[in-house]
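Quick notes on the structure that follows.
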Amino acid sequence: MTSIITPSSPNSSPTMSSKEISELTGKRHDHVIRDIKSMLEQVIGHSPDLGNEQIQGVIVEKDHRGFIKTIHLDHSHTITLITGYDARQRKKVVDRWLELEHSGNSPTTPKPKRIRKPAFDTAFTRCMNVVALLPNVDENQKVLMAARGTHTLTGINPLEVMGYAALPATTEDNYQTPTQLGKPFGLPPRRVNQILLDAGLQVHTPGSSTGSDWSMTDKGLAYGKMFDTSRRASKGSQQQLKWKPSVAEFLRPFSQTPA
Numbered sequence: 104m105t106s107i108i109t110p111s112s113p114n115s116s117p118t119m120s121s122k123e124i125s126e127l128t129g130k131r132h133d134h135v136i137r138d139i140k141s142m143l144e145q146v147i148g149h150s151p152d153l154g155n156e157q158i159q160g161v162i163v164e165k166d167h168r169g170f171i172k173t174i175h176l177d178h179s180h181t182i183t184l185i186t187g188y189d190a191r192q193r194k195k196v197v198d199r200w201l202e203l204e205h206s207g208n209s210p211t212t213p214k215p216k217r218i219r220k221p222a223f224d225t226a227f228t229r230c231m232n233v234v235a236l237l238p239n240v241d242e243n244q245k246v247l248m249a250a251r252g253t254h255t256l257t258g259i260n261p262l263e264v265m266g267y268a269a270l271p272a273t274t275e276d277n278y279q280t281p282t283q284l285g286k287p288f289g290l291p292p293r294r295v296n297q298i299l300l301d302a303g304l305q306v307h308t309p310g311s312s313t314g315s316d317w318s319m320t321d322k323g324l325a326y327g328k329m330f331d332t333s334r335r336a337s338k339g340s341q342q343q344l345k346w347k348p349s350v351a352e353f354l355r356p357f358s359q360t361p362a
């Protein structure tokens with residue numbers, strides 16, 4: 104039986120059609136229509152004009168000639184109607200309502216809207232188009248940023264799909280962290296970062312937990328590179344800005360170790 108319908112308004116009640124009531128009770132459909140009209144007349148106190156009158160909980164469906172084809176009643180009107188029927192007829196209708204209310208396809212339960220995610224390759228291309236516009240970002244860093252953006256949009260990191268836990272860099276061994284750079288000069292990493300900031304090689308850019316807090320300036324591109332490194336005591340990776348050994352020329356004047 105498919106005559107239970109759900110009105111367009113999410114707050115409206117589901118309805119049962121006169122055709123289904125006819126099938127459940129074994130009564131002729133035109134007799135059910137007659138009974139509905141009689142019931143409505145008693146409820147509202149006058150003979151209803153079902154062609155024009157709007158009655159809450161009652162939906163009239165007409166054919167192309169303008170004659171009544173089906174009448175849909177909400178739960179209240181349906182139960183009111185069948186109180187005049189015999190017990191067996193009433194039970195069939197009540198059982199049908201209970202079946203609908205307890206089924207997984209209850210018309211009163213709206214289906215959750217499915218959120219469609221873009222394909223990860225499409226998302227990656229779009230992210231690459233965005234990062235291409237960013238200043239002071241090298242090619243390695245652009246790929247890492249686009250991969251993270253793709254993961255946020257789709258739940259897939261394209262680098263991991265292709266078997267890369269991190270981007271390879273042939274010169275990575277030549278680059279050093281602020282901690283490594285400062286050690287020969289007795290400088291802590293915070294001081295190293297401040298010196299490089301004052302020298303105009305980097306700017307402070309606090310970001311996400313997976314991003315670097317520092318970004319290179321145009322001047323810094325000649326000395327630094329962004330790498331994707333493993334996170335300590337956790338899964339995944341994070342960005343880290345490292346520097347060529349030649350950046351030591353900016354640190355030497357501030358050395359805390361004997362010459």
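Read in order, the letters of the sequence shown are residues 104 to 362 in the working numbering.
Backbone N, C-alpha and C fix where the C-beta goes; we use that ideal spot for every residue, glycine too.
For Lys220, DSSP records no beta bridge to any residue.
Restricting attention to Asp316, Leu143, Phe288, the CA atom closest to the CA of Pro361 is found in Phe288. Membership of Glu202 in the alpha helix (DSSP H) is indicated by the continuous run 190 to 205.
For Pro281 and Arg219, the gap between their C-alpha atoms comes out near 43 Å.
In summary, Arg251 is buried, with 16 or more beta-carbon neighbours lying within 10 Å of its beta-carbon over all protein chains present. Pro356 counts as exposed, since fewer than 16 other beta carbons sit within 10 angstroms of its beta carbon. The DSSP-derived three-state label of Val240 is coil. Taking a contact to require three or more Cβ pairs closer than 8 Å, the region 217 to 237 and the region 146 to 153 do not qualify as touching. Cβ contact annotation for Arg193 (same chain, cutoff 6 Å, sequence separation greater than five): Ile185, in chain order.
When Leu247, Asp152, Val196 are compared, the shortest CA-CA separation from Lys328 is found for Leu247. In this structure, DSSP gives Gly285 a helical state, which the three-state scheme calls helix. Here Val161 is not near Ile171, since their CB atoms are 8 Å or more apart. DSSP places His307 in the strand class (E or B) of the three-state scheme. Judged by DSSP in its simplified three-state form, Ile259 adopts coil rather than helix or strand.
Contact check for Gly285 against Val295 passes: the beta carbons are separated by less than 8 Å. If you draw a 10 Å sphere on the C-beta of Leu344, you find 16 or more other C-beta atoms in it, and that means buried. Residue pairing from DSSP leaves Glu156 without any beta-bridge partner.
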